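First to last, the protein sequences are chains A, B and C. Each residue of the first sequence is one higher than the one before, starting from 15 at the first, in this note's numbering. Each residue of the second sequence is one higher than the one before, starting from 570 at the first, in this note's numbering. Each residue of the third sequence is one higher than the one before, starting from 444 at the first, in this note's numbering. Below is one structure; the comments refer to it alone.
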Amino acid sequence: MSADRHHPDGGDLHTPQGPLDAGGHELQDQPPRTLVPAVPEVSAHPSRTLWGDAWMRLRKNKLAIAGLTWITFIIIVTVSADLWVPQNFAEPTSTEFASMQAPSADHPFGTDRIGRDVFSRVIYGARVSLAVGILAVSISLVIGLALGSLSGYYGGLLDAFVMRTADIFFAFPYTLFAIALLAVLGPSYRNVFIAIGILGWPSIARVLRSSILSVKENEYVDAARAMGASDLRIMLRHIMPNAIAPIIVYGTMSIGGAIITEAALSYLGMGVQPPTPSWGGMLSEAKALMIPAPWLTVWPGFAILTTVLSFVLMGDGLRDALDVKMKD
Amino acid sequence: MLKYVFRRILQMIPVFLGVTLILFALRIPGLLPGDPVQLIVGERELTPALRAQIEEEHHLNESVPVQYGYYISGILQGDLGRSLQKNRTVTDILLDKFPNTARLAVSAILVEIIIGLMAGIISAVKQYSFWDVVVTLSTSILVSVPVFWLGMLLQMFFGIKIKQWTGGAFSLPMSGMGSPPDLVHLILPSITLASVSTAYVARIMRSQMLEAMGQDYIRTAMAKGLSQRVVVFKHALKNALIPVVTFIGIDLGALMGGAILTESVFSWPGVGREIYLAVMQRDWPVVMGGVVVVVLIVMFVNLLVDISYAVLDPRIRYGGTAE
Amino acid sequence: MGSLLEVTDLKTHFHTRDGVVKAVDGVSFSLAEGQTLAIVGESGSGKSVTALSLMRLIADPPGKIAAGRIMFRDENVLEMSDEQIRSLRGDRIAMIFQDPMTSLNPVFRVGHQIAEALRLHKGMNRKAANARAVEMLELVGIPNAPSRARDYPHQFSGGMRQRGMIAMALACDPDILIADEPTTALDVTIQAQILELMIEMQQRTGAAIIMITHDLGVVADMANDVMVMYAGRQVEYGTTDDVFYRPLHPYTWGLLDSLPRHDISEKGDLCPINGQPPSLIDIPPGCAFHPRCPYAQDVCRTDVPELREIESGHSSACHFSGQPDFTRDVMPCSADMEVE
């Protein structure tokens, strides 16, 4: 079997293992799926690796590439913001009576209640959103990967314990749990990503666990064990590379989810505190000003939408490229 | 069937204990920052006499396991403590708000069912068509829209702009609920609340429908001479609906627990907003009691979903050979 | 005896991203009332697609019946309206499939699924249809049929489900029953029972059967005629006796040699055909079988052999069939031949 036919989740690999007929060779017709006969897969790149192949497929997905481009663009813009963003995001602009100016050449997104440039604030808000998204998902990944892999690999009591704990986490409505946690921890930039990170691990652990369980069925794992490989080696060399695809997909989408949650928490006043500009916080301030200054509502929300959408499209694209079966 | 229900109820017990344990842990001194007595007292001045009184009242001078026992038995008796801000019991406050939350949840679920199912079915039946692309793209966008922002946009458009354009002749209410409760006030909040889930319902419906239509029994049904319509809407749909119904049920549970964001944006007097206001006012008994109640509601609705799942799927209904 | 079904030059192609797959490429055969035709071939030879094409059950897109004529009682199935073809399906031509575990709808009762066709085609009311469904289940040997009809498919064993499928297919008393590997997914002991049931039901109802199989033993037992397919094309066609005792095509020779026939080879040696069947997207030029054929000559690599009638009612698609010196080697395989 060539490498390009190798499925990331071993459990789904269909090898037609029909009963051999009396003559000793396989005569069985493959059952036609969906009224369509099984068409032999023809690959133009027979010797690529799984990841190379996935990248080929991802590149053909226009939406995913649009998402990737947008994310890259935002990262470049925010990282380099100090070099070129014209106005100070935290201070009112020097012009008098600059409060709530409609968008203009000077202020492409207008100014807010105390005359700050909304464009600059949206750009600096991206820093907060991306940082929270990435840090929160990193925390979820560290906890979720550790617990999920132990749970999937060893099973037994440990597995039962981890999965029941995950059930308990799932029993809480997400936003409510986040707010309760922040109410105890106190609202702050750091606590927001800690709270989101803590709430995110059970999903990661579950996804990884089921992925490991299906990979573990494969014979090469038994073979490695029979050859005396250590648990750690089997885990890192044989299981993880094949079980990780769903985590990549899920992790990508989770960053989008974490950004939305951060925005929601900041909107409710439980997240990033002013004067640090955050998209959710800006929308919170805009709430009372919808009639005189609608641009205050439009632009931060649009920034959240496009950023989250990019991660969602990336995740969709990765799922198709890596051929991961996931429930929506 | 009864055995199945019984097993599901048994499985709920450890989850319930775990949830209460976590909430209880948030009150144990030392485990998390904050003094539980101070939390209870809130802004009031804390004298040693008051401290002693509160410790006595809340059994804080007992050992931790005993405290947990008191806590659990209180919950089971419906005693969630008293609000610090309002002179009422937490149970009363929540009971008062629950009907509003339920009203909003049910109308949101209706939106999900009607729009989500239709979009998903159309999208699957006409795979790769123009409508499929529209549905697929708009569901991706909908899951990426922050609900509170969507609520604000709807308020801005239907509450403000349309009013301006029509010279005040037409607009939709932007907040709160009418008294007596009416449908008009429900429109914008329920659309907002339903938005994300509608997108998920459409996505799940689509993928389930496509999967069902690829099954062998569909070919059997076609070979029987049934029309495309009967094959799709009877044979495929009934199979595809099972996971969708599960999702909608679980979502109903979540919505019944109150929608903090939507209720806040629209000042909807429901459980979610009440808990949120309590957080802002540091009214801890209401927060903790509210969370417990919400979790219980969610668990209860999920149990109902599991039972209805068994009713829908004969493989679970009859005997343990499920799956 | 007139022809019930007459298929001429049937071509069914699938348009995929990687090109056109000629799953069935020019197949002709006929079937008389009450007769049994066996279609034999390896995986991907196009025999299932042929069967599905007869009922126009090919998903379009990507599939398309590109050419040919399927005359059922003087009417061309390929020219029928959707409504006409639907009234044919399940009523005049019925079909059973390979995997009974997945061919029944899990969320409807077995009785209901049988009654469905009766209500549709025979205009029966619910009660009459259900009663007839129970009768059919009894007929196919399901014990305790009245209560079994109210069961769901998962409550049936594999063999019982296939009996249920047969009951469903025969409920409307069809003229033709197409059976697509009806026993492949079943246990060996059950296989024999199901075949016996089919023979019995054929005698009772007089339905003609198109049996799609890879099991030559089944063919010998049941079929009047045999059509051998390879890579979407017909390579040999004739009566069962002709094909078994005077096979003309090297591929058929290979198939027969790979049967364990103790009466022919004393040692009971098996002799498999070398190599793999070709990918349908990349069919070898000339005779599709030439890369695996021990008798291949230059002409086989360039010219596609036509199906020619060699003896009366017995045709073969090999350039050399009919030449007096072109005969089957007694034992064409040697020990060092690779067994796949």
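For every residue, glycine included, the Cβ atom is placed at its ideal position computed from N, Cα and C. Computed from a predicted model, the values in this text were never measured in an experiment.
Opening and closing residue of the beta strand (DSSP E) in which residue i lies
i      : result
C:F515 : 506-515
C:S759 : 757-759
C:A651 : 651-656
C:T479 : 479-484
B:I578 : Premise fails: B:I578 lies in the alpha helix (DSSP H), 571-594, not in any beta strand (DSSP E).
C:E754 : 751-754
Host alpha helix (DSSP H) of residue i (start-end)
i      : result
B:Q733 : 731-734
A:L155 : 132-168
C:V492 : 490-497
A:E276 : 259-281
A:I218 : 203-230
C:G533 : No alpha helix (DSSP H) contains C:G533, which DSSP labels as neither H nor E.
Cβ shell of residue i (< 6 Å), same chain only, five flanking positions each side left out
i      : result
B:G822 : V867, V870, N871
B:L686 : M774
C:D623 : S491, A494, F540, Q541, I655
B:Y640 : F593
B:Y637 : F593
Coarse secondary structure for residue i, derived from DSSP in three states
i      : result
C:D668 : strand
B:N871 : helix
C:F769 : coil
A:N75  : coil
B:D661 : helix
B:K666 : helix
C:L620 : strand
C:K454 : strand
B:E832 : helix
C:I468 : For the record, residue 468 of chain C in the displayed sequence is Asp; it is not Ile. C:D468 falls in the strand class under three-state DSSP.
C:T682 : strand
A:V235 : helix
C:N548 : coil
C:M538 : strand
B:Y640 : helix
A:T290 : coil
B:G904 : Missing from the structure shown is residue 904 of chain B; chain B here goes from 570 to 892 and no further.
C:S446 : strand
A:A335 : helix
B:S709 : helix
A:N256 : helix
C:E518 : strand
A:G37  : For A:G37, the predicted structure reports a pLDDT of 32, less than 50, and the residue's modelled location is therefore unreliable. A value from the coordinates is still provided. It is coil, neither helix nor strand.
C:G566 : coil
C:Y673 : strand
C:A475 : strand
Burial state of residue i, where buried means 16 or more other Cβ atoms lie within 10 Å
i      : result
C:F732 : buried
C:S759 : buried
C:E643 : exposed
B:R798 : exposed
A:W313 : buried
B:L757 : buried
C:A481 : buried
A:N256 : buried
A:W65  : exposed
A:S268 : buried
B:P812 : buried
C:Q478 : buried
B:V880 : exposed
Any non-hydrogen atom of the ligand GTP within 7 Å of residue i CB
i      : result
C:G487 : Judged by which ligands are present, the structure shown has none, so any question about the ligand GTP falls away.
Sequence-distant residues of the same chain with beta carbon closer than 7 Å to residue i, five excluded per side
i      : result
A:M304 : T311
A:L82  : M328
A:I148 : I269
Beta-carbon proximity list for residue i, same chain, < 8 Å, skipping 5 on both sides
i      : result
C:V577 : G554, A588, P589, A592
Whole runs of the alpha helix (DSSP H) within the segment 718-776 of chain B, excluding any shorter than 4 residues
731-734
Inside the segment 587-651 of chain C only - alpha helix (DSSP H) runs reaching at least 4 residues:
588-591, 601-613, 631-648
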